[in-house]
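What follows is a single structure, written as C-alpha cells, with notes after it.
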Amino acid sequence: DVVVVGSANADLVVQVERHPAPGETVLGSQPAVHPGGKGANQAVAAARLGARVALLGRVGADGHGRLLRESLERDGVDLGHLRDTAAASGIAMIAVGPRGDNSIIVAPGANARLTEGDVLDAAPLLRSAPVVSLQLEIPLPAVLAAARLARRAVLNLSPAVAVPDELLALCDPLVVNEHEAALLLGAPGEPERQARELLARGPRSVVITLGADGAVVAEDGVVQAVPSPRVAAVDTTGAGDAFTGALAWRLAAGEPLTEAAAFAARVGAAAVRRPGAQDSYPTLAEVEEL
Ligand code: ADP
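First residue of the sequence shown? That's 221 in this note's numbering, and the numbers climb one at a time after it.
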C-alpha cells in the first residue's frame with residue numbers, strides 16, 4: 221500500500237536533572253535505546269494499523285542496525301530495500317530534563333548515504349505503490365527522486381529546510397506542524413490562512429497539524445478543520461510521524477484527503493497517550509475505540 225523512503229535512527233534516551241554545559245559531565249538515569257527516525261516511525265505507524273509497508277533506506281551493519289531491523293520486522297515492514305551500509309546507523313542522542321525539556325543531537329550516519337541511485341534502483345516498487353511517504357531526514361536528492369517516481373507523494377517537511385519548488389509541486393499533501401509552517405512562511409499565523417499561503421507555494425494539497433487542536437486541510441482552494449479527539453497526553457514524541465504514516469495509508473486506500481486526515485488525527489491522538497514514539501503507536505482496534 222505504502223512505500224516509505226526515509227530515515228531509521230536509534231534513539232538513545234537518558235533522563236537528566238539538568239542539561240550539561242560545554243565541557244561538563246552530568247549524571248543521567250534510565251538509559252534506554254528505542255527504535256526511531258521519522259521514516260521508520262511512519263512505516264511502523266502504518267504497518268501497525270494493518271497497511272502493507274516497505275521502507276527504503278539505509279542502516280549501519282551494527283548493533284543499532286540490527287535493533288532497527290528487528291523492530292521493523294516485528295511490525296511486518298518489508299525490508300527488501302533497507303540497505304546495510306559501511307557507516308554507523310543514525311542515532312539521536314536525547315537528554316530529557318525534569319520538565320520534559322529535551323535536548324537532542326541527531327547524527328544521520330547511514331541515513332546520509334541514501335542516494336538518488338538507491339531510489340532509482342527501486343523504481344518499479346515506487347511506481348507501483350499508490351502512495352510514497354517522505355520526510356527530510358535523508359538527502360534531498362533521494363527525496364526528490366522518490367517524489368518524481370511516486371504516483372502520489374506525501375511529504376512531511378520535517379525537519380524544516382528550504383526545498384526546491386519542483387519538490388513542493390509534487391506534494392499531495394505537504395504535511396507540516398505549526399512550527400514548520402511558521403518557518404516556511406517566515407512568520408507564525410492563523411492556521412487556515414497559513415494553509416492557504418502554503419497551498420499558494422505550489423503543492424497539490426496541504427495539511428497543517430495542530431497538536432491537540434487536530435489539523436487543517438487545504439485542497440482545491442478549500443480549507444477545512446479536522447478535529448482531534450480529547451485525550452490525556454503523556455508524550456507527544458513521534459505524533460507527527462504517526463499522523464503522516466496513517467494519512468499515507470488511508471490515501472493509499474483511496475480515501476479523500478479530509479477523511480484520511482480525520483483518521484490520522486485519531487491515530488496521532490492515540491499515540492500521545494503512551495510514552496515513546498513507535499512504542500506508543502496504536503493498532504486499528506485501539507483507534508476505533510477512541
Ligand atoms: P508534531 O509531532 O509533528 O509536532 P503535532 O504535535 O501537530 O505534530 O501532532 C500531530 C497529530 O497528533 C495532531 O494532528 C493530533 O491529531 C495528534 N496530537 C498531538 N498532540 C495531541 C494532544 N495533546 N491531544 C490530542 N491529539 C494530539
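Glycine residues also receive a C-beta, built at the ideal position from the N, C-alpha and C atoms.
Status (buried if at least 16 other CB within 10 Å, exposed otherwise) for Val224: With 16 or more Cβ atoms within 10 Å of its Cβ, Val224 is classed as buried.
Residues near Ala484 by beta carbon distance below 6 Å, same chain, minus five either side: Phe463, Ala466 and Leu467
Cβ-based burial, Val426 [other Cβ within 10 Å; buried from 16]: buried
The segment 261-270 in contact with the segment 234-242 per 3-pair CB rule at 8 Å: no
Val446 versus Thr429, Leu360 and Val396, residue with shortest Cα-Cα distance: Thr429
Proximal residues to Leu511 (C-beta, below 7 Å), its chain only, five neighbours per side dropped: Missing from the structure shown is residue 511; the chain here goes from 221 to 510 and no further.
Any non-hydrogen atom of the ligand ADP closer than 8 Å to Pro449 Cβ: yes
7 Å Cβ shell around Ala327 - same chain, five flanking residues per side excluded: Within the same chain, Gly310 and Ile311 come within 7 Å of Ala327 by CB-CB distance, once the 5 residues on both sides are set aside.
Boundaries of the alpha helix (DSSP H) in which Asn322 is found, first to last residue: Where Asn322 is concerned, there is no enclosing alpha helix (DSSP H), although the beta strand (DSSP E) it sits in stretches over Asn322 to Ala327.
Beta-carbon proximity list for Gly434, same chain, < 6 Å, skipping 5 on both sides: Val446, Pro447, Ser448 and Ala485
beta-carbon Val492 near the ligand ADP non-hydrogen atom, thresh 8 Å: yes
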